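Trainee: Shown below is the structure under consideration.
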Amino acid sequence: MIIYDAWKCFYITNIRKCNTGGLLVSQVKVMIAPSRYVQGAGALAEIGEHVSRLGKKVFVTGGKTALAQTRESIEKSCGEKGVACVFETFRGECCDSEIDRLKAAAVSAGCDVVMAVGGGKAIDAGKAVAALMKVPVVIVPTIAATDAPCSALSVIYTEEGVFDRYFILPQNPNLVLVDTSIIARAPVRFLVAGMGDALATWFEAASCAQASARNIPGGRTTTAALRLARLCYEILIEYGEQARLAVERGVVTPAVEKIVEANTLLSGIGFESSGLAAAHAIHDGLTVLEETHHAYHGEKVSFGTLAHLVLEDHPREEMEEVLDFCIRVGLPITLAQLGVKEPSPEKIRRVASKVCEPGMMIHNMPFPVTPDMVYDAILAADAIGQAYLRRQGITVE
110 MIIYDAWKCF
120 YITNIRKCNT
130 GGLLVSQVKV
140 MIAPSRYVQG
150 AGALAEIGEH
160 VSRLGKKVFV
170 TGGKTALAQT
180 RESIEKSCGE
190 KGVACVFETF
200 RGECCDSEID
210 RLKAAAVSAG
220 CDVVMAVGGG
230 KAIDAGKAVA
240 ALMKVPVVIV
250 PTIAATDAPC
260 SALSVIYTEE
270 GVFDRYFILP
280 QNPNLVLVDT
290 SIIARAPVRF
300 LVAGMGDALA
310 TWFEAASCAQ
320 ASARNIPGGR
330 TTTAALRLAR
340 LCYEILIEYG
350 EQARLAVERG
360 VVTPAVEKIV
370 EANTLLSGIG
380 FESSGLAAAH
390 AIHDGLTVLE
400 ETHHAYHGEK
410 VSFGTLAHLV
420 LEDHPREEME
430 EVLDFCIRVG
440 LPITLAQLGV
450 KEPSPEKIRR
460 VASKVCEPGM
470 MIHNMPFPVT
480 PDMVYDAILA
490 ADAIGQAYLR
500 RQGITVE
């Protein structure tokens, strides 16, 4: 069992002199993390102990499958600690109307804690509801498909599933509890998608650091956050395939524990406290194509990572390490694998235009990026992916 407690926000201030008439400019570094992180097989049985420190009536929201898996354990554990539970099913899209509906239900029930159970969109909706209510939030992921659980950020979509905006929250979750026995029983594609999301963490962190870009909470990255981002990448490369094979059989192994921690905690802290850049911006751009909506967040991010590497002209050896990893664990490396069977110039121009809109994370790259550059990088990454698949004798239908 892993239990991690952290300060809600850790600040380091480094005052340096700039050639601006002798004025002092503050370069403030900010690292944020969940207040408590708990991980291990059977951890859900202990949730009541943790929630009882936060409130007395918890609003539990999640998808039908997630609630079916967890409701009995949550009710039993919370009940033993005198915490009442109100359950409400999440309807599937983290959009403004759904957030408003859940908030109204929670307020009406008089709840003083929000618990979000399930995958990335259910988690992001729950975090947004808690932020609007100004109450503590507890996150119980049932899949390790994204690094959403630990962050102080919700990704908001339209009702049609197109990326709309990022909702920056006032603080990270009060508790993130990950029961790896539940994670291991979920379809393996979820764990693999989580590895795709985490794959971008190191490359985007390094780009943001080089650009001195502000991270999600608005400061500069710390050495610790960069090291965690790099550790995340190293764990993926070393243990990703082992974890995939174990979860295909529904079992928890040390490799599974490492990958779940990388997908959830290391990637969560790494991206949030270092920053996002091209890989996630390209994911956001791909959402304008309806044929990509079946692909999971991390699957689109993994392709975005390849385009990110093309934009930055990474060495061939590094590109091939990433391509090899993607093939070994089952991540897409071509547009066709994401559902874009006919990547017409018009379609890819639409994606590139979305990627480069004001406020998008592409502007955290250490050089100016134009729609033409994104267009070229996407098509080049697709060509590289296709060539690599051919060399491996893999055919994409």
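My numbering numbers the first residue of the sequence shown as 110 and each following residue consecutively. Built from N, CA and C at the ideal position, the CB exists for glycine as well. All figures in this text were calculated on a predicted structure; none of them were measured in a lab.
Quick check on DSSP: helix, strand or coil for residue 114?
Mentor: As a working mapping, residue 114 is identified with position 5 in the sequence shown. Unreliable positioning characterises residue 114 in this predicted model, as indicated by a pLDDT of 46, which lies under 50. A coordinate reading is not provided.
Trainee: Measure the Cβ-Cβ separation of residue 448 and residue 387 and say whether it is below 8 Å.
Mentor: The residue labelled residue 448 in the question sits at position 339 within the sequence shown. The residue labelled residue 387 in the question sits at position 278 within the sequence shown. Not in contact: residue 448 and residue 387 (Cβ atoms no closer than 8 Å).
Trainee: Taking DSSP as the reference, what is the three-state secondary structure of residue 280?
Mentor: Position 171 of the sequence shown, counted from the start, is the residue given in the question as residue 280. Of the three classes helix, strand and coil, the one that applies to residue 280 here is coil, per DSSP.
Trainee: To the nearest angstrom, how far is the alpha carbon of residue 132 from that of residue 359?
Mentor: Residue mapping note: residue 132 aligns to position 23 of the sequence shown, counting from 1. Residue mapping note: residue 359 aligns to position 250 of the sequence shown, counting from 1. Unreliable positioning characterises residue 132 in this predicted model, as indicated by a pLDDT of 32, which lies under 50. The coordinate reading is nonetheless provided below. Answer to the nearest angstrom: the Cα atoms are 59 Å apart.
Trainee: Identify which residue in 338, 313, 206, 323 has its Cα closest to the Cα of residue 138.
Mentor: The residue you call residue 138 lines up with position 29 of the sequence shown. Here the closest residue by C-alpha is 323.
Trainee: Locate the beta strand (DSSP E) running through residue 323, then write down its first and last residues.
Mentor: On the sequence shown, position 214 is the one that residue 323 refers to. Premise fails: residue 323 is in no beta strand (DSSP E) and is neither H nor E.
Trainee: Helix, strand or coil: how does DSSP classify residue 195 here?
Mentor: By 1-based counting over the sequence shown, the position of residue 195 is 86. Note: residue 195 maps to strand in three-state DSSP.
Trainee: Taking 8 Å as the cut-off, does the segment 154 to 163 touch the segment 392 to 409 (at least 3 CB pairs, one atom from each stretch)?
Mentor: The segment 392 to 409 vs the segment 154 to 163: no contact.
Trainee: Rounded C-beta distance between residue 464 and residue 471? I'm assuming under 8 Å.
Mentor: Taking the first residue of the sequence shown as position 1, residue 464 is located at position 355. Taking the first residue of the sequence shown as position 1, residue 471 is located at position 362. Contact flag correct, Cβ pair sits at about 5 Å.
Trainee: Could you name each continuous alpha helix (DSSP H) segment of 4 residues or more that falls completely within the segment 405 to 488, going from the start of the chain to the end?
Mentor: If we require 4 residues or more, the alpha helix (DSSP H) runs fully inside the segment 405 to 488 come out as 406 to 420, 425 to 438, 454 to 464.
Trainee: Between residue 335 and residue 383, how many whole angstroms is the CB-CB distance? I'm expecting something under 8 Å.
Mentor: Your numbering for residue 335 matches position 226 in the sequence shown. Your numbering for residue 383 matches position 274 in the sequence shown. Correct: roughly 6 Å between the Cβ atoms.
Trainee: Which of helix, strand or coil does DSSP assign to residue 125?
Mentor: Within the sequence shown, residue 125 is the residue found at index 16, counting from 1. At residue 125, the pLDDT of 35 sits below 50, so the modelled position is not reliable and the matter cannot be decided from this model.
Trainee: So the beta strand (DSSP E) residue 249 belongs to, where does it begin and stop?
Mentor: By one-based count along the sequence shown, residue 249 stands at place 140. Unbroken beta strand (DSSP E) run through residue 249: 246 to 250.
Trainee: How do the segment 328 to 345 and the segment 281 to 288 stand: do at least 3 beta-carbon pairs fall below 8 Å, yes or no?
Mentor: With a cut-off of 8 Å, the segment 281 to 288 and the segment 328 to 345 do not count as touching, because too few Cβ pairs lie within range.
Trainee: Among the residues of its own chain, which have a CB less than 7 Å from the CB of residue 130, if the five just before and after it don't count?
Mentor: The count along the sequence shown starts at 1 and reaches residue 130 at position 21. In this prediction, residue 130 scores a pLDDT of 37, lower than 50, which makes its location untrustworthy; the coordinate-derived value is nonetheless stated afterwards. Once the five neighbours on either side are set aside, residue 130 has no close Cβ partner at all.
Trainee: Does the separation of the CB atoms of residue 444 and residue 408 fall below 8 Å?
Mentor: Numbered from its first residue, the sequence shown carries residue 444 at position 335. Numbered from its first residue, the sequence shown carries residue 408 at position 299. Their beta carbons are not under 8 Å apart, which means residue 444 does not touch residue 408 by this criterion.
Trainee: Mind the definition here: the segment 250 to 258 touches the segment 300 to 320 only if three or more C-beta pairs lie below 8 Å; say whether that holds.
Mentor: Yes, the segment 250 to 258 touches the segment 300 to 320.
Trainee: Is the beta carbon of residue 222 less than 8 Å from the beta carbon of residue 258?
Mentor: Here residue 222 corresponds to residue number 113 of the sequence shown, with the count starting at 1. Here residue 258 corresponds to residue number 149 of the sequence shown, with the count starting at 1. The answer is no: Cβ separation not under 8 Å.
Trainee: Let me know the secondary structure DSSP gives residue 148 once reduced to three states.
Mentor: Locating residue 148 in the sequence shown gives position 39, where the first residue counts as 1. Here residue 148 sits in strand by DSSP.
Trainee: Could you give the C-beta distance for residue 338 and residue 310, rounded to a whole number, given that I count them as a contact under 8 Å?
Mentor: Within the sequence shown, the letter at position 229 stands for residue 338. Within the sequence shown, the letter at position 201 stands for residue 310. So it is a contact: roughly 5 Å between Cβ atoms.
Trainee: Whole-angstrom Cβ separation of residue 212 and residue 278, contact assumed at under 8 Å?
Mentor: Position 103 of the sequence shown, counted from the first residue, corresponds to residue 212. Position 169 of the sequence shown, counted from the first residue, corresponds to residue 278. So it is not a contact: roughly 14 Å between Cβ atoms.
Trainee: What residues match up with residue 286 in a beta bridge as DSSP calls it?
Mentor: What you label residue 286 is simply residue 177 of the sequence shown in a count that begins at 1. Bridge partners of residue 286: 147.
Trainee: Under the rule that 16 or more other beta-carbon atoms within 10 Å means buried, what is residue 484, buried or exposed?
Mentor: For the purposes of this step, residue 484 is taken as the residue at position 375 of the sequence shown. When all chains shown are included, residue 484 counts as buried.
Trainee: Please work out which residues of its chain come closer than 7 Å, Cβ to Cβ, to residue 446, disregarding the five sequence neighbours upstream and downstream, and give them in chain order.
Mentor: Along the sequence shown, one-based indexing puts residue 446 at 337. Closer than 7 Å at Cβ, skipping near neighbours: 505.
Trainee: When the Cα atoms are used, what is the spatial distance from residue 503 to residue 468?
Mentor: On the sequence shown, residue 503 is found 394 positions in, with the first residue counted as 1. On the sequence shown, residue 468 is found 359 positions in, with the first residue counted as 1. Whole-angstrom Cα-Cα distance: 38 Å.
Trainee: For the alpha helix (DSSP H) containing residue 178, name the first residue and the last one.
Mentor: Locating residue 178 in the sequence shown gives position 69, counting from the first residue. Counting along the chain, the alpha helix (DSSP H) containing residue 178 begins and ends at 173 to 189.
Trainee: Would you say the segment 177 to 192 touches the segment 200 to 215, given that touching needs at least three Cβ pairs under 8 Å?
Mentor: Not touching, per the Cβ criterion.
Trainee: Give me the Cα-Cα distance between residue 481 and residue 461, rounded to the nearest whole angstrom.
Mentor: Here residue 481 corresponds to residue number 372 of the sequence shown, with the count starting at 1. Here residue 461 corresponds to residue number 352 of the sequence shown, with the count starting at 1. Those two C-alpha atoms are separated by around 7 Å.
Trainee: Which residue's Cα is closest to the Cα of residue 473: 427, 421, 432?
Mentor: Here residue 473 refers to the residue found at position 364 when the sequence shown is read from its first residue. Among 427, 421, 432, the Cα nearest to that of residue 473 is on 421.
Trainee: Is residue 170 helix, strand or coil when you go by DSSP?
Mentor: Start at 1 with the first residue of the sequence shown, and residue 170 comes out as number 61. Residue 170: strand per DSSP, three-state reduction.
Trainee: Just verifying my parser: in three-state terms, what is the DSSP assignment at residue 315?
Mentor: Taking the sequence shown and counting its residues from 1, the one referred to as residue 315 is at position 206. In the structure shown, residue 315 sits in a helix (DSSP, three-state: H, G or I).
Trainee: Between which two residues does the alpha helix (DSSP H) holding residue 238 run?
Mentor: Taking the first residue of the sequence shown as 1, we reach residue 238 at position 129. 229 to 242 is the extent of the alpha helix (DSSP H) around residue 238.
Trainee: Grab the span of the beta strand (DSSP E) containing residue 136 for me, first residue to last.
Mentor: Taking the sequence shown and counting its residues from 1, one reaches residue 136 at position 27. Per DSSP, residue 136 belongs to the beta strand (DSSP E) from 133 to 141.
Trainee: Rounded to whole angstroms, what's the CA-CA distance from residue 171 to residue 263? Just pull it up for me.
Mentor: As a first step, residue 171 must be located in the sequence shown, where it is residue number 62. As a first step, residue 263 must be located in the sequence shown, where it is residue number 154. So the two alpha carbons sit approximately 15 Å from each other.
Trainee: Rounded to whole angstroms, what's the CA-CA distance from residue 431 to residue 202? Just pull it up for me.
Mentor: Reading the sequence shown from its first residue, position 322 is the one you call residue 431. Reading the sequence shown from its first residue, position 93 is the one you call residue 202. Rounded to the nearest angstrom, the two C-alpha atoms are 31 Å apart.
Trainee: From the DSSP output, read off the bridge partner residues of residue 265.
Mentor: Start at 1 with the first residue of the sequence shown, and residue 265 comes out as number 156. DSSP output for residue 265 lists 274 as bridge partner(s).
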